[in-house]
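Keeping their order, the protein sequence lines are chains A and B.
The first sequence runs 674 to 867 under this note's numbering.
The second sequence runs 2 to 255 under this note's numbering.
Glycine included, C-beta positions come from ideal geometry on N, C-alpha and C.
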Amino acid sequence: MSPLAQLLEAALFSACRPLTAEELATLDSDASPADVRVALEQLREHYDFNQHGVELVEMAGGYQILTRPIHAAAIERAQFTVRAPKLTAATLETLSVIAYRQPVGRLEIEEIRGVSAGGVLRSLQERGLIEVVGRSEALGRPLLYGTTALFLELLGLRDLADLPKAEELTIALQPHPATTDGSDDAAAYVEAES
Amino acid sequence: MTAIEPITAPEVAAPVLATGSGFVVELEAFSGPLDLLLHLLREEQLEIADIPIARIADQFLQAVHELGLNQAADYLDMASRLVRLKVQMLLPRNAEEDGWEDPRAELVRRLLEYQQIREVAVWLGRAAERRAEQFARGYLPPAPALPPPPLTLNLLDLLSAIDRVIASIPSPVLHRVVARPLDVESATRRIEHLLADLEEIRWQDALGSGATIVDVLSTLLALLELAKRGSLRLLQPTPFSPMVIARESPRTAA
């Protein structure tokens with residue numbers, strides 16, 4: 674590994690959140706953004722090629738060293754750390770609406786889900802998964818919500834573009850939805866024909 | 002593909018729904034009225050695009066009937082919509098009429114939209130589960146100290162605790178203080194008396210025989226006081242030699 678890759682490894686090891694390429698570039702004033710990307714790639718290959726127990730994961734616009742999923746069960750059994758609790762159906766549905774419709778107000782969320790959303794919105798905001806991103810021009814200027822970097826971190830997404838595209842979803846909003854090619858993840862749990 | 006897809010969020014238990022004699026609905030199993038509606042349609046293997054409103058509305062009302070009223074506000078809202086749709090569908094209409102719009106269109110749109118959100122929600126749930134399999138190095142703050150448990154005791158416990166506290170107090174060390182006033186006056190008189198006869202005396206003479214510590218102190222103070230007044234002189238011819246107490250010369254001369 675190059676000295677820069679070693680430096681990046683040390684920085685990523687010391688941090689407990691994803692670090693962006695820009696943040697990492699501040700470690701070495703001589704390093705260009707391109708150098709940092711090359712070094713990150715080197716570090717990723719180093720972990721993969723030597724079959725390390727950790728890997729370099731790109732998410733929430735940054736990079737973080739994470740343990741490999743294969744070791745999760747053993748680590749949890751030994752109670753060295755705990756898995757994040759599962760999200761409830763209401764939480765996931767609300768996050769889905771916000772992720773795709775942001776900036777979106779409470780009324781629209783409730784209209785789509787068919788249930789009142791005040792409590793869920795509050796708890797999502799407290800957990801830092803969503804934030805107020807502005808106010809609508811509509812009557813009463815209601816608050817508009819959007820997802821945060823922590824939301825991406827929680828789901829291990831690089832950015833919002835990682836979310837399935839509308840055309841990748843099985844159920845599209847067209848009256849005659851096109852059949853899917855079945856290659857995407859979403860198709861795996863939907864029975865093709867009843 | 003407009004048939005109802007069986008979408009099951011992983012954390013949602015299969016709803017207990019006994020068809021036939023009526024519904025037994027576990028409210029927690031549904032995340033809302035749209036979810037319940039989709040479930041009913043799925044059970045009956047019905048198509049969203051062509052919902053038999055009358056049947057579904059009845060089934061929905063039956064299901065809502067099983068729910069607690071305080072939890073059912075969102076469900077009642079949907080129920081009222083369904084009933085209205087049912088009525089609208091019953092209204093006679095001219096098949097050739099061009100202006101007729103299917104009153105179910107809005108509901109169909111909502112159901113499709115909701116289904117899409119459900120699909121995304123499942124996708125998000127899986128992403129979160131995959132992410133949870135990977136641990137980051139991170140600082141876990143220590144668990145906050147629990148507040149002390151509420152105090153519960155009876156009178157007996159309290160009294161025995163008081164006894165223990167009292168027993169642990171060390172018994173005070175008492176000193177008897179006896180007043181032994183210094184008698185500087187008589188020491189002064191004794192020295193003056195001695196010096197009246199003798200030119201000079203020794204410390205031992207001034208002290209007298211059988212002197213206690215109080216006498217020593219009294220004599221010392223008397224000597225110092227007399228020396229200050231100029232009634233006598235304290236001399237020590239050589240270092241560490243016995244002190245000589247001499248009558249003040251000027252007075253002798255006088």
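Quick check: is the beta carbon of Asp75/B nearer than 8 Å to any beta carbon in chain A?
Within the second sequence, numbered from 1, the residue matching residue 75/B stands at position 74. Taking Cβ atoms only, chain A reaches closer than 8 Å to Asp75/B, which makes this a yes.
Tell me which residues share the same chain as Thr940/A and place their Cβ nearer than 7 Å to its Cβ, disregarding the 5 neighbours each side in the sequence.
Nothing can be reported for residue 940/A, as the shown portion of chain A is limited to 674 through 867.
Using a threshold of 8 Å, state whether the C-beta atoms of Ala128/B and Leu830/A are closer than that.
Taking the second sequence and counting its residues from 1, the one referred to as residue 128/B is at position 127. Taking the first sequence and counting its residues from 1, the one referred to as residue 830/A is at position 157. Contact: yes.
Closer than 7 Å, Cβ to any Cβ of chain A: which residues of the segment 56-70 of chain B, in chain order?
If the cut-off is 7 Å between Cβ atoms, the segment 56-70 of chain B has nothing near chain A.
Below 7 Å on C-beta distance, what does Val84/B contact in chain A?
On the second sequence, residue 84/B is found 83 positions in, with the first residue counted as 1. The premise fails here: Val84/B is roughly 16 Å from chain A at the closest Cβ pair, so nothing lies under 7 Å.
In chain order, what residues of the same chain have a beta carbon less than 8 Å from the beta carbon of Leu713/A, not counting five sequence neighbours either side?
One-based indexing of the first sequence puts residue 713/A at position 40. Same-chain partners within the cutoff: Ala678, Leu681, Ala694, Leu697, Leu729 and Tyr736.
For Leu236/B, which beta-bridge partners are listed by DSSP?
Along the second sequence, read from residue 1 onward, the residue named residue 236/B stands at position 235. The partner list for Leu236/B (beta bridge, DSSP) reads Val245/B.
Are the CB atoms of Trp124/B and Pro691/A nearer to each other than 8 Å?
Walking along the second sequence from the start, residue 124/B turns up at place 123. Walking along the first sequence from the start, residue 691/A turns up at place 18. Cβ distance not < 8 Å, so Trp124/B and Pro691/A don't count as in contact.
Could you check where the alpha helix (DSSP H) with Pro820/A kicks off and where it finishes?
On the first sequence, position 147 is the one that residue 820/A refers to. The amino acid at residue 820/A is misidentified as Pro; the sequence shows Thr. Premise fails: Thr820/A lies in the beta strand (DSSP E), Leu816 to Thr820, not in any alpha helix (DSSP H).
Please list, in chain order, the chain A residues whose beta carbon lies closer than 9 Å to that of Arg105/B.
The residue given as residue 105/B occupies position 104 in the second sequence. In chain order: nothing, as chain A lies at least about 13 Å away.
Could you pull out every residue in the same chain whose Cβ sits closer than 8 Å to the Cβ of Asp75/B, ignoring the five residues on either side in sequence?
Residue mapping note: residue 75/B aligns to position 74 of the second sequence, counting from 1. Counting only Cβ-Cβ distances below 8 Å, and skipping sequence neighbours, we find Gly33 and Pro34.
How far does the alpha helix (DSSP H) with Leu697/A in it reach, from first residue to last?
Indexing the first sequence from 1 puts residue 697/A at position 24. First-last of the alpha helix (DSSP H) with Leu697/A: Ala694 to Ala698.
Measuring only the C-alpha atoms, how far is Ala247/B from Thr239/B?
Taking the second sequence and counting its residues from 1, one reaches residue 247/B at position 246. Taking the second sequence and counting its residues from 1, one reaches residue 239/B at position 238. Going from the Cα of Ala247/B to the Cα of Thr239/B covers about 15 Å.
Classify Arg786/A as buried or exposed, calling it buried when 16 or more other Cβ atoms lie within 10 Å of its own Cβ.
As a working mapping, residue 786/A is identified with position 113 in the first sequence. It counts as buried.
In this structure, does DSSP put Val25/B in helix, strand or coil?
Within the second sequence, the letter at position 24 stands for residue 25/B. At Val25/B, the pLDDT of 42 sits below 50, so the modelled position is not reliable; the number obtained from the coordinates is stated separately. The answer is coil: DSSP assigns Val25/B none of H, G, I, E or B.
Output the distance between the C-alpha atoms of Ile743/A and Ile54/B, rounded to the nearest integer angstrom.
Indexing the first sequence from 1 puts residue 743/A at position 70. Indexing the second sequence from 1 puts residue 54/B at position 53. Taking the straight line joining both Cα atoms gives about 49 Å.
Looking only at C-alpha atoms, which of Ala162/B, Ser81/B, Leu39/B and Pro182/B sits nearest to Ile214/B?
Counted from its first residue, the second sequence places residue 214/B at position 213. Nearest C-alpha to Ile214/B: Pro182/B.
So is Asp36/B buried or exposed if we call it buried at 16+ other beta carbons inside 10 Å?
Along the second sequence, read from residue 1 onward, the residue named residue 36/B stands at position 35. It counts as buried.
In this structure, how does DSSP classify Leu739/A when only helix, strand and coil are distinguished?
As a working note, residue 739/A is residue 66 in the first sequence. In this structure, Leu739/A counts as strand in the three-state DSSP scheme.
How far does the alpha helix (DSSP H) with Glu749/A in it reach, from first residue to last?
As a working note, residue 749/A is residue 76 in the first sequence. Ala745 to Arg750 is the extent of the alpha helix (DSSP H) around Glu749/A.
Does Pro776/A come within less than 8 Å of chain B when only Cβ atoms are used?
Counting from one through the first sequence, the residue named residue 776/A turns up at place 103. Chain B contact via Cβ: absent.
Output the boundary residues of the alpha helix (DSSP H) element that contains Glu44/B.
Reading the second sequence from its first residue, position 43 is the one you call residue 44/B. Residues Pro34 to Glu44.
Between Glu781/A and chain B, is the shortest Cβ-Cβ distance under 8 Å, so that the two count as touching?
Translated into positions along the first sequence, residue 781/A becomes position 108. Chain B contact via Cβ: absent.
Tell me whether Arg56/B is buried or exposed, calling it buried when 16 or more other Cβ atoms sit within 10 Å of its Cβ.
One-based indexing of the second sequence puts residue 56/B at position 55. So Arg56/B counts as exposed.
Would you say Glu102/B reaches chain A, if we count a Cβ-Cβ gap shorter than 8 Å as a contact?
Taking the second sequence and counting its residues from 1, the one referred to as residue 102/B is at position 101. No, no contact with chain A.
Nearest-angstrom Cα distance between Glu718/A and Ala839/A?
Counting from one through the first sequence, the residue named residue 718/A turns up at place 45. Counting from one through the first sequence, the residue named residue 839/A turns up at place 166. C-alpha separation (whole angstroms): 33 Å.
Quick one: which residues of the segment 105-121 of chain B get their C-beta closer than 9 Å to a C-beta of chain A? List them in chain order.
Per Cβ criterion, the list reads Val109, Arg110, Arg111, Leu113, Glu114, Tyr115, Gln116, Gln117, Ile118, Arg119, Glu120 and Val121.
Measure the alpha-carbon distance for Ala207/B versus Arg230/B and round it to whole angstroms.
Here residue 207/B is taken as the residue at index 206 of the second sequence, counted from 1. Here residue 230/B is taken as the residue at index 229 of the second sequence, counted from 1. Cα to Cα, the separation comes out at about 17 Å.
Using a Cβ cut-off of 8 Å (strictly closer), state whether Tyr720/A contacts chain B.
Mapped onto the first sequence, residue 720/A falls at position 47. Not one chain B Cβ lies under 8 Å of Tyr720/A.
Under a Cβ-count criterion, where at least 16 other Cβ atoms within 10 Å of its own Cβ denotes burial, should Ser22/B be classed as buried or exposed?
Here the question's residue 22/B lines up with position 21 in the second sequence. Confidence is the limiting factor: at Ser22/B the pLDDT is only 37, short of 50, which leaves the residue's position unreliable, though a coordinate-based value still follows. Flag for Ser22/B reads exposed.
Can you tell me where the beta strand (DSSP E) holding Gly801/A begins and where it ends?
Within the first sequence, the letter at position 128 stands for residue 801/A. First-last for Gly801/A: undefined, no H or E at that position.
Can we say the segment 103-119 of chain B touches the segment 795-805 of chain A, given the rule of at least three CB pairs closer than 8 Å?
With a cut-off of 8 Å, the segment 795-805 of chain A and the segment 103-119 of chain B do not count as touching, because too few Cβ pairs lie within range.
If we ignore side chains and look at the alpha-carbon of each, how far apart do Gly726/A and Gly791/A end up?
Along the first sequence, read from residue 1 onward, the residue named residue 726/A stands at position 53. Along the first sequence, read from residue 1 onward, the residue named residue 791/A stands at position 118. Their backbone Cα atoms lie some 42 Å apart in a straight line.
Using a 10 Å radius around the Cβ and a threshold of 16 neighbouring Cβ atoms, would you call Thr189/B buried or exposed?
Mapped onto the second sequence, residue 189/B falls at position 188. Per the 10 Å Cβ criterion, buried.
Can a CB atom of chain B be found closer than 8 Å to the CB of Ala745/A?
Numbered from its first residue, the first sequence carries residue 745/A at position 72. It does: the Cβ of Ala745/A has a partner Cβ on chain B nearer than 8 Å.
At 4 residues or longer, and completely inside the segment 164-201 of chain B: list those alpha helix (DSSP H) runs for me, N to C.
Here the runs fully enclosed are 185-198.
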